[in-house]
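**Student:** Pasting in a structure now, in C-alpha cells, and then I'll have a few things to ask.
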Amino acid sequence: MKPDDLLPNPSWWVIALRGVAALSFGVLALVWPGITLLVLVSLFAAYALLAGAAATVGAIKRRGSKGWGLTLLLGIVSLTAGVVAIVFPGSTTLALVLLMGVNALITGALDIALAIRLRKVIQGEWLMALSGVLSIVFGAIVIAVPVAGAVALVWIVSFYAMLTGVLLLALAMRTRRWAQRHAAPVAA
Numbered sequence: 121m122k123p124d125d126l127l128p129n130p131s132w133w134v135i136a137l138r139g140v141a142a143l144s145f146g147v148l149a150l151v152w153p154g155i156t157l158l159v160l161v162s163l164f165a166a167y168a169l170l171a172g173a174a175a176t177v178g179a180i181k182r183r184g185s186k187g188w189g190l191t192l193l194l195g196i197v198s199l200t201a202g203v204v205a206i207v208f209p210g211s212t213t214l215a216l217v218l219l220m221g222v223n224a225l226i227t228g229a230l231d232i233a234l235a236i237r238l239r240k241v242i243q244g245e246w247l248m249a250l251s252g253v254l255s256i257v258f259g260a261i262v263i264a265v266p267v268a269g270a271v272a273l274v275w276i277v278s279f280y281a282m283l284t285g286v287l288l289l290a291l292a293m294r295t296r297r298w299a300q301r302h303a304a305p306v307a308a
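See below:
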C-alpha cells in the first residue's frame with residue numbers, strides 16, 4: 121500500500137503549516153483576548169457585508185435570469201447577518217463561540233479518523249488522535265458552557281490552539297522523517 125493511498129496529503133509541510141498557524145493564533149489570542157473577540161466579530165461582520173453586497177449586486181444585474189431570486193435572498197441574508205454582527209456584537213460573539221465549538225467537534229472527529237488511517241503508515245499517529253480528542257473535549261466544553269465568559273473562552277481557545285499546534289508540529293516532523301526514509305529513488 122502506498123502512502124498516497126492512505127493520506128489525503130502526504131506532504132509533511134502541510135501538517136507543519138497547520139501547526140504553525142495554530143500556535144500563532146493561540147499566542148495572539150492569549151496576548152490580546154479582548155481584541156481577539158472584537159476582531160472575530162468584526163471579521164465576520166465585514167465578510168457577511170461584503171459577501172451580501174456582492175450577491176445582491178450580482179442578483180440585481182442578473183434580474184430575470186434563472187436563480188436570481190435565490191441569489192438576491194442569499195445577499196439579503198448575508199447583509200442582515202453583517203448588520204446584526206455590528207449592532208449586536210454580544211449575540212454574534214455567542215453565535216461564533218458556538219460555531220467554534222461545533223467546528224472543534226467535527227475537526228476532532230476527522231483528526232481521529234485520519235490518525236486511524238495514519239497508523240498503517242507511520243509511528244506517532246497518536247499525536248493526531250490526541251489532537252482530535254483535545255478538539256472534541258474543547259468543543260464539548262464550549263457548547264456546554266458558552267456563557268462562561270467570552271474572554272475566558274478566548275484563553276481556552278488560545279491554549280487549545282497552542283497545544284494543537286505543538287502536536288501537529290511533532291506529527292509533521294515524524295511525517296517528514298518517514299517521507300525521507302520512503303522517498304522514491306531519483307534517477308541519475
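The opening residue of the sequence shown carries number 121 in my numbering; numbering runs sequentially from there.
Glycine residues also receive a C-beta, built at the ideal position from the N, C-alpha and C atoms.
Computed from a predicted structure; not experimentally measured.
(1) Three Cβ pairs or more, each shorter than 8 Å: is that satisfied between the segment 227–243 and the segment 186–196?
(2) Can you name, in chain order, every residue of its own chain whose Cβ lies under 6 Å from the Cβ of Ala290, other than the five neighbours on each side?
(3) Which residue comes first and which comes last in the alpha helix (DSSP H) that contains Lys181?
(4) When the distance is taken between beta carbons, is Gly285 closer than 7 Å to Leu171?
(5) Using the beta-carbon count (16 or more within 10 Å), is Val177 buried or exposed?
(6) Looking only at its chain, what residues have a beta carbon closer than 6 Å to the beta carbon of Gly259, apart from the 5 residues adjacent to it on each side?
(7) Count the CB pairs spanning the segment 204–212 and the segment 162–171 that are closer than 8 Å, and state whether there are at least three.
(8) Check whether the Cβ atoms of Gly187 and Met282 sit closer than 7 Å, and answer yes or no.
(9) Buried or exposed: where does Val217 fall if 16 or more other Cβ atoms within 10 Å of its Cβ makes it buried?
(10) Quick one: grab the DSSP three-state call for Gln300.
(11) Which residues in the same chain as Glu245 place their Cβ atom closer than 6 Å to its Cβ, once the five residues preceding and following it in sequence are excluded?
(12) In angstroms, rounded to a whole number, what distance separates the CA positions of Ile242 and Tyr280?
**Tutor:** From the atom records:
(1) no
(2) Residue mapping note: residue 290 aligns to position 170 of the sequence shown, counting from 1. Once the five neighbours on either side are set aside, the close Cβ partners of Ala290 are Leu247.
(3) Start at 1 with the first residue of the sequence shown, and residue 181 comes out as number 61. Taken as a continuous stretch (DSSP letters only), the alpha helix (DSSP H) holding Lys181 covers Pro153 to Lys181.
(4) For the purposes of this step, residue 171 is taken as the residue at position 51 of the sequence shown. For the purposes of this step, residue 285 is taken as the residue at position 165 of the sequence shown. The sequence shown places Ala at residue 171, rather than the Leu named in the question. It is not a contact, given that the beta carbons lie outside the stated cut-off.
(5) Along the sequence shown, read from residue 1 onward, the residue named residue 177 stands at position 57. Val177 comes out exposed.
(6) Stepping through the sequence shown from its first residue, residue 259 is reached at position 139. The answer, listed in chain order, is Gly221, Ala224 and Leu225.
(7) yes
(8) Taking the sequence shown and counting its residues from 1, the one referred to as residue 187 is at position 67. Taking the sequence shown and counting its residues from 1, the one referred to as residue 282 is at position 162. No. Outside cutoff.
(9) Here residue 217 corresponds to residue number 97 of the sequence shown, with the count starting at 1. It is buried - the Cβ of Val217 has at least 16 other Cβ atoms within 10 Å.
(10) The count along the sequence shown starts at 1 and reaches residue 300 at position 180. Three-state result, Gln300: helix.
(11) Position 125 of the sequence shown holds residue 245. Taken in chain order, the residues that qualify are Ala235, Leu238 and Arg239.
(12) The sequence position of residue 242 within the sequence shown is 122, counting from 1. The sequence position of residue 280 within the sequence shown is 160, counting from 1. Ile242 and Tyr280: Cα-Cα distance of roughly 25 Å.
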